[in-house]
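Enquirer: Each protein sequence line maps, in turn, to chains A, B and C.
When we follow our numbering, the leftmost residue of the first sequence carries the number 1, and every step to the right adds one.
When we follow our numbering, the leftmost residue of the second sequence carries the number 1001, and every step to the right adds one.
When we follow our numbering, the leftmost residue of the third sequence carries the number 2001, and every step to the right adds one.
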Amino acid sequence: MKTKTLAELAEYVGGRVVGNPNLKISSAATLEGAENGEISFLANRKYLKLLRTTKAAAVVVQEELESPAALLVADDPYYAFTQIVVLLHGHRKHKKFGISAKASIAESAALGKDVHIHDFVTINENVRLGDRCILYPGVFIGPDAEVGDDCVLYPNVVIYDRCKVGNRVIIHANATVGEDGFGFATHDGVHHKIPHIGRAIIEDDVELGAACAIERGTLDDTVVSKGSKLGDAVVIGHGTRVGPHCLLVPQVGVAGSTTLGHHCVAAGQVGISGHLHIGNRVTMAAQSGVANNLADGAVVFGSPAFDANKAKRAYSLIKYLPETVKGVRKLAKRVSALENGR
Amino acid sequence: MKTKTLAELAEYVGGRVVGNPNLKISSAATLEGAENGEISFLANRKYLKLLRTTKAAAVVVQEELESPAALLVADDPYYAFTQIVVLLHGHRKHKKFGISAKASIAESAALGKDVHIHDFVTINENVRLGDRCILYPGVFIGPDAEVGDDCVLYPNVVIYDRCKVGNRVIIHANATVGEDGFGFATHDGVHHKIPHIGRAIIEDDVELGAACAIERGTLDDTVVSKGSKLGDAVVIGHGTRVGPHCLLVPQVGVAGSTTLGHHCVAAGQVGISGHLHIGNRVTMAAQSGVANNLADGAVVFGSPAFDANKAKRAYSLIKYLPETVKGVRKLAKRVSALENGR
Amino acid sequence: MKTKTLAELAEYVGGRVVGNPNLKISSAATLEGAENGEISFLANRKYLKLLRTTKAAAVVVQEELESPAALLVADDPYYAFTQIVVLLHGHRKHKKFGISAKASIAESAALGKDVHIHDFVTINENVRLGDRCILYPGVFIGPDAEVGDDCVLYPNVVIYDRCKVGNRVIIHANATVGEDGFGFATHDGVHHKIPHIGRAIIEDDVELGAACAIERGTLDDTVVSKGSKLGDAVVIGHGTRVGPHCLLVPQVGVAGSTTLGHHCVAAGQVGISGHLHIGNRVTMAAQSGVANNLADGAVVFGSPAFDANKAKRAYSLIKYLPETVKGVRKLAKRVSALENGR
Chain A
1 MKTKTLAELA EYVGGRVVGN PNLKISSAAT LEGAENGEIS FLANRKYLKL LRTTKAAAVV
61 VQEELESPAA LLVADDPYYA FTQIVVLLHG HRKHKKFGIS AKASIAESAA LGKDVHIHDF
121 VTINENVRLG DRCILYPGVF IGPDAEVGDD CVLYPNVVIY DRCKVGNRVI IHANATVGED
181 GFGFATHDGV HHKIPHIGRA IIEDDVELGA ACAIERGTLD DTVVSKGSKL GDAVVIGHGT
241 RVGPHCLLVP QVGVAGSTTL GHHCVAAGQV GISGHLHIGN RVTMAAQSGV ANNLADGAVV
301 FGSPAFDANK AKRAYSLIKY LPETVKGVRK LAKRVSALEN GR
Chain B
1001 MKTKTLAELA EYVGGRVVGN PNLKISSAAT LEGAENGEIS FLANRKYLKL LRTTKAAAVV
1061 VQEELESPAA LLVADDPYYA FTQIVVLLHG HRKHKKFGIS AKASIAESAA LGKDVHIHDF
1121 VTINENVRLG DRCILYPGVF IGPDAEVGDD CVLYPNVVIY DRCKVGNRVI IHANATVGED
1181 GFGFATHDGV HHKIPHIGRA IIEDDVELGA ACAIERGTLD DTVVSKGSKL GDAVVIGHGT
1241 RVGPHCLLVP QVGVAGSTTL GHHCVAAGQV GISGHLHIGN RVTMAAQSGV ANNLADGAVV
1301 FGSPAFDANK AKRAYSLIKY LPETVKGVRK LAKRVSALEN GR
Chain C
2001 MKTKTLAELA EYVGGRVVGN PNLKISSAAT LEGAENGEIS FLANRKYLKL LRTTKAAAVV
2061 VQEELESPAA LLVADDPYYA FTQIVVLLHG HRKHKKFGIS AKASIAESAA LGKDVHIHDF
2121 VTINENVRLG DRCILYPGVF IGPDAEVGDD CVLYPNVVIY DRCKVGNRVI IHANATVGED
2181 GFGFATHDGV HHKIPHIGRA IIEDDVELGA ACAIERGTLD DTVVSKGSKL GDAVVIGHGT
2241 RVGPHCLLVP QVGVAGSTTL GHHCVAAGQV GISGHLHIGN RVTMAAQSGV ANNLADGAVV
2301 FGSPAFDANK AKRAYSLIKY LPETVKGVRK LAKRVSALEN GR
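1. For chain C, check one thing: does any of its Cβ atoms lie closer than 8 angstroms to the Cβ of A:Asn174?
2. Assuming contact is defined by CB atoms lying nearer than 8 angstroms, are C:Phe2301 and C:Ala2291 in contact in what I supplied?
3. With C:Tyr2078 and C:Phe2041 assumed to form a contact (beta carbons below 8 angstroms), what rounded beta-carbon distance in angstroms separates them?
4. Specify, as a first and last residue, the run of the beta strand (DSSP E) that C:Val2270 falls within.
5. Quick one: does A:Ser316 have its CB under 8 angstroms from some CB of chain B?
6. Pick helix, strand or coil for C:Gly2209, following the three-state DSSP scheme.
7. Could you tell me if A:Thr53 is buried or exposed, where buried requires 16 or more neighbouring beta carbons within 10 angstroms of its beta carbon?
8. Can you look up A:Ile343 in the DSSP assignment and give me helix, strand or coil?
9. If you run the structure through DSSP and keep just helix, strand and coil, what is A:Ala69?
10. Fully enclosed by the stretch 1232–1299 of chain B, which alpha helix (DSSP H) runs are 4 residues long or longer?
11. With A:Phe184 and A:Ile194 assumed to form a contact (beta carbons below 8 angstroms), what rounded beta-carbon distance in angstroms separates them?
12. Output the residue ranges of the beta strand (DSSP E) runs that lie fully inside the stretch 1034–1094 of chain B and measure 3 residues or longer, sorted by chain position.
13. From the DSSP output, read off the bridge partner residues of B:Arg1128.
14. Pick from A:Ala305, A:Ala267, A:Ala106, A:Ile134: whose alpha carbon is nearest that of A:Val147?
15. Using a Cβ cut-off of 7 angstroms, which residues of the stretch 1227–1255 of chain B contact any Cβ in chain C, in chain order?
16. Exposed or buried, which one is A:Pro68 when buried takes at least 16 other CB atoms within 10 Å?
17. Please identify the residue among A:Thr240, A:Leu50, A:His89 whose C-alpha is closest to the C-alpha of A:Ala32.
18. Whose CA, out of B:Ala1314, B:Lys1312, B:Pro1322, lies closest to the CA of C:Ser1981?
19. Determine whether the Cβ of A:Lys164 lies closer than 8 angstroms to any Cβ atom of chain C.
20. Between C:Cys2212, C:Pro2244, C:Gly2189, C:His2187, which has its C-alpha nearest C:Asp2205's C-alpha?
21. In chain A, which residues lie less than 7 angstroms from C:Asp2119 when you measure between Cβ atoms?
22. Are A:Val328 and B:Gly1327 close, meaning C-beta to C-beta below 8 angstroms?
23. Is B:Leu1260 close to chain A, meaning its C-beta is less than 8 angstroms from at least one C-beta of that chain?
24. So, with DSSP's three-state summary, where would you put A:Leu317?
25. How many whole angstroms separate the CB atoms of B:Ala1255 and B:Ile1272, which I take to be in contact at a CB cut-off of 8 angstroms?
26. Could you please give me the residues that DSSP links to C:Ala2305 through a beta bridge?
27. Output the boundary residues of the beta strand (DSSP E) element that contains A:Glu179.
28. Check each candidate in C:His2191, C:Val2242, C:Arg2216 and name the one with the smallest Cα separation from C:Ile2197.
29. Any residues in the stretch 70–89 of chain A with a beta carbon nearer than 8 angstroms to a beta carbon of chain B? Which ones, in chain order?
30. Alpha helix (DSSP H) containing A:Val13: first to last residue?
31. Is it buried or exposed, A:Lys93, if we count other Cβ atoms within 10 angstroms and call 16 or more buried?
32. Report the partner residues of B:Ile1117 according to the DSSP bridge assignment.
33. Return the residue from the list C:Ala2057, C:Gly2037, C:Glu2035, C:Leu2065 that minimises the CA-CA distance to C:Tyr2047.
34. Return the CA-CA distance between B:Val1282 and C:His2191, expressed in angstroms with no decimal places.
35. Counting only Cβ-Cβ distances shorter than 9 angstroms, please list the residues of the stretch 137–161 of chain A near chain B, keeping chain order.
36. Would you mind telling me which residues of chain C sit closer than 7 angstroms to A:Asn268, beta carbon to beta carbon, in chain order?
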C-alpha cells in the first residue's frame, strides 16, 4: 500500500477536492467500513444516507453532497475510485517463481520471456506461451495451443489443444477452455459424437471466472472477443461468438452458434438459445430466457424474454392471475345473464 | 461396518423398539433396497406403502405404523437414522498419508499436527494450516491464507491468497474459494478491473459442494457463516454474507453485497440479486428469482419471487392465460353490445 | 486429415451423389465457412439460403436441392456428415505417453493394457483401470474405484472412492464424479451430515461435460445410464437415475432420488425436482422447472412445467397481462353499471 494526499489522488483521476487536500489516504474501503485514512465512493444515490455517517477520510462523488468526509468530485466516480484502488493497493502480486523444475514442459513448447510457471503445470507439444505469463499449479495447456503475453492462469485452468488465448487474459481457477461441445448425431436412438475440429478463441483483455466452460466449435471457432468479462460458472456453447466488451455475469449460459454483439450485458442465470443473433448493447435482466433474435439496444426480461419495461410490469401482475382468471369466469356468467335479460 | 442390536441403536438415539430388540443390524439402506440385517427409515408418509413391503430388518419411524419390520420409534426419525448411519458406517476414512514429498510446501507455511497432505498439493508462503487437516491432490492454498483444524479439502480445491477457512470445513472437488469478484468500472466502453482487496471467509462447519465458486470481496469480505451447507456449483458474489446454518442447494447463485440471515433455504437454481437484505429463516423455492428484500420467515416462489402460497397458485394459472386473454376481449365486445342496446 | 472422393464418401455413408463423384474432399466445414475441397451439410431448411451461396465442394442433404455444390443425398444428413467428419478428421488423437513416472499410482491398483497416464495423476489403492484408458494430468481416482476400457478422463477430473465408470466413457476437464450428496439431517437448527454410502455409477458410452458434478448416493447409487450425454456444469443429485441415451444440455440440474427414463432431453438450465418419475422420451424445453412426474413422451415447458404446446402459447401471453388485469377490472365496473340499469 502506498500513501497519497487527497490532492494527489484528485490530480491522478482528473477530479477536484472539496475539503482538505492534504489528507493522507492509504487505503480504500466501503462507506460503512471505512476508517481514518481511508477513501470510499458513492456511485448510487440509494446510499446517500451512508455518505452522511461515513467515517471515511474522503469520498469520491459525482457532485458536491453533504458529508463529514472530504470529497473528491469526479465525473465517473466508480471509475475514478477504481483507478485509486489500483494506485493504492495494486493488482494481485504474483510470486516470481521462474520455471519450476516440477512443471512438465514439452521440449517443443516455445516460452516467452519472464514467464512464471509453477509446480504441476503441464505444457504440451508446440505450445506457444507469451511473455510475462503466470501459470499457477495444475494448469494444463494442450498441444498446439497458444497463450499471448501477460496472461494469468489460476490453478487448475485447462486449455484444450489448438485453442488460442490472447494478451492480458485472466482465467480464474478450475475454468476450462476448449472442451468438446455438446454435439451428437442421434441415429437409431444412439448419440454419435461429432469430432470438434473448431477451436475456442479467447481474445485480448478477457477475464473468465472460476469454473467457466467455453466449448470449442464443431466446425467453426467459438470466440470470446476482446475486453469481454465472464463471471463464474458461465458456459458458452460451440461456435458461439461473444462480441467485444460484453459482461456475462455468473451462471449465464449461451447455447451454440449464437452471436452476441458488442457491449451486451447478461445478468445472473440468463440463458440464451442457440442459433440466435443478439445485437449490440443488448441488456438481458437476471434469469431471462432469450429465445429470439434481439435488435441493437434491446433491454429484455422474462422467459421467454421480451422488452424489459413491459416484461417487468407484466411479470409483476402474475400475482393477480387468480382474481383475473376467476374474474373472467364470473363476468362471463353475469354478461350471459344480462344478455338473456336475467 | 459395525454390528449393533436394535436395542443398542434405540438407546444410542434415544428411541424405543417395537418388535425384537435383539435383531442384529449392520448397515443402512433405503426401504426399497434394504435386506436382512439392514435398517431403513421413513421420514415422509408419502412412502408408507414401501414401509409395508420393505425387507428391512428394522425401520426408524416417528410413530408406530404397520410394517413387517421391527420399528425404532424416534421423535426425529431422519436425524436418528443419520446418527445410526454414522455409527454403523462412519464418515469417509481418509488415507493416513502424512506429508507427501511430492507436495510443494513453502518454508514459511505453518502446518498443524497430524496433517495429511497428498502429492501435488501446493501450500504457499505464510499459510497457516490447522491440525488434522486432509488435503487431497491438486489442492492449492494461496499465500497468507488460513485453514483451521479438521478440514477436508478434496482434489483440486483452490483457496486464493489471504482467504480464511474455519474448523471442520469440508470442500468438495474442483471448488474455488476467493477468486476475484465480478467487479469492473466501465469507462468509455472499456471494463476496468477493480482490485479485490477483500477476502472470502468460510466459517466453521461449512460444507461446499463440487465446483462451487465463492468470490472474494471487493473492499469488504465475502462470508459463508458457520454451519451453512452449499451444494454443487453454487456461486456466491463479492461482499455477500451468507448467514449461519443456511442451506443453498446446487446451482444457486447469490449476487454481490447481499446479506442472508440465519437458517435460510434456497432450493435448486434460485438466483438472488445483489444489494439485498434477506431475513432469517427465509425459504426460496426452486428457480425463484429474488429481486427484493425479504422479511424474516418469508417463503417465496417465482421470478420475480413473492409469497410462495400465492405464487404457486398464481403460476399454476399461467396455463389459463389463453382463455383468459381471449375471454376478456370477447367479454369487452359483448359488454359493448349490451351498452349499445345491441 | 485424409482425402476421399465424393463417391467414396457416399458409399461410406450409404448415400448417393448428385454432381461430380470424383470431387476430392479433404475436410468438413460449415455452409458459410466452407472452401474448395470441403464438404458441408444442411440439416435444417432454415439454412436453405446458405445452400445456394455456399462455396463448399459438396453438401450432405436429405433431398435434391438447388446448390452450386455437388450433393451427397442421405436419409439422415447430420448423421452421415458426422460419419464423414470422423472419417476425414478422426476423433482427438491422444499423446501416447505410457505411464508417467510423475504420476502417483498405488501398488494395489490394477492397470489395464496400453494405458496412458500423464504426470500428476493420482490413482489410489485398489483402483481397477481398464485397457487403453487415457488419464490427463491432475486426474484423481479414489480408492476402490473402477474405470472400464477405452475411457478418456481430461485434466483434473475427480472420481471419488468406490465409484464406477464404464467403458468408452469421456469425462471433460474439471468434472467431478461421486462427491457427497447434499444430505443433512437438521436437528435443533444444526445440519448434521449423513454419510453417503452409495456410489456414483457412470455407465458405458456416457460423456460428461466440463465442470459437471455427479453426487454419489446416500444409500442407493446415483446412476448415469449407458449412452447418455451430459453437457457442461450439469449437476445430478444423490440417488438419481438418468436413464439410457438421455441428453442433458449444459447447466441442467436434477435433484436427488429422481428417475429419468430413456431418451429424455433436457435443454439448457432445466431444473428437475427430487423424488420424481420422468418417463421415457420426455423432452423438457430450456429453463423449464419440472415439479411433477411426467408420462412417456411428454414435452414440457415453463416453471412449473406443463405441456409445451400449451405452455409456449400461455407464456407468450404474459405480455398481455397488464391489459388483461386492467380489462377485467374495467369490465366488472361496466357490467355492474349494466346490472344496475346504469
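Virtual Cβ for every residue (Gly too), placed ideally from N, Cα, C.
Expert: On the basis of the coordinates in this document:
1. Chain C contact via Cβ: present.
2. Cβ distance not < 8 angstroms, so C:Phe2301 and C:Ala2291 don't count as in contact.
3. The Cβ separation is near 6 angstroms, so the contact holds.
4. No beta strand (DSSP E) contains C:Val2270, which DSSP labels as neither H nor E.
5. Yes, A:Ser316 counts as interfacial toward chain B.
6. In the three-state reduction of the DSSP assignment, C:Gly2209 falls in the coil class, being assigned neither a helical nor a strand state.
7. With fewer than 16 Cβ atoms within 10 Å of its Cβ, A:Thr53 is classed as exposed.
8. No answer is possible for residue 343 of chain A: it lies beyond the span of chain A, which begins at 1 and ends at 342.
9. Note: A:Ala69 maps to coil in three-state DSSP.
10. Under the rule that a run must span 4 or more residues, no alpha helix (DSSP H) segment is found entirely inside the stretch 1232–1299 of chain B.
11. Confirmed, Cβ separation roughly 7 angstroms.
12. Restricted to the stretch 1034–1094 of chain B, the beta strand (DSSP E) segments that are unbroken, complete and at least 3 residues in length are 1038–1041, 1058–1061, 1070–1073, listed in chain order.
13. Under DSSP, B:Arg1128 forms a beta bridge with B:Ala1110, B:Glu1146.
14. Comparing Cα positions, the closest option is A:Ile134.
15. Under the 7 angstroms Cβ criterion, the stretch 1227–1255 of chain B contributes Gly1227, Lys1229, Gly1231, Asp1232, Ala1233, His1245, Leu1247, Val1249, Pro1250, Gln1251.
16. Under this definition A:Pro68 is an exposed residue.
17. According to the sequence as given, residue 32 of chain A is Glu; it is not Ala. The shortest C-alpha separation from A:Glu32 is found at A:Leu50.
18. Outside the shown range of chain C (2001 to 2342) lies residue 1981 of chain C, about which nothing can therefore be said.
19. Between A:Lys164 and chain C, the shortest Cβ-Cβ separation is not below 8 angstroms.
20. Of C:Cys2212, C:Pro2244, C:Gly2189, C:His2187, the residue nearest in Cα terms is C:Pro2244.
21. Using a Cβ-Cβ cut-off of 7 angstroms, C:Asp2119 is close to Ser104, Thr122 of chain A, given in chain order.
22. A contact, by the Cβ cut-off of 8 angstroms.
23. Output row for B:Leu1260: interface = no.
24. In the three-state reduction of the DSSP assignment, A:Leu317 falls in the coil class.
25. So it is a contact: roughly 6 angstroms between Cβ atoms.
26. According to DSSP, C:Ala2305 shares a beta bridge with C:Gly2302.
27. First-last of the beta strand (DSSP E) with A:Glu179: 176–179.
28. For C:Ile2197, the nearest C-alpha among the options comes from C:Arg2216.
29. The residues in question are Asp76, Tyr78, Tyr79, Phe81, Thr82, Gln83, Val85, Val86, His89.
30. Where A:Val13 is concerned, the enclosing alpha helix (DSSP H) starts and stops at 6–13.
31. Result: exposed.
32. Bridge partners of B:Ile1117: B:Ile1099, B:Leu1135.
33. Closest by alpha carbon: C:Leu2065.
34. Distance between B:Val1282 and C:His2191, taken at the CA atoms: about 16 angstroms.
35. Contact residues of the stretch 137–161 of chain A toward chain B are Pro137, Gly138, Tyr154, Pro155, Asn156 (C-beta to C-beta distance below 9 angstroms).
36. Here residue 268 of chain A is Gly; the residue named in the question, Asn, does not match the sequence. In chain order: nothing, as chain C lies at least about 12 angstroms away.
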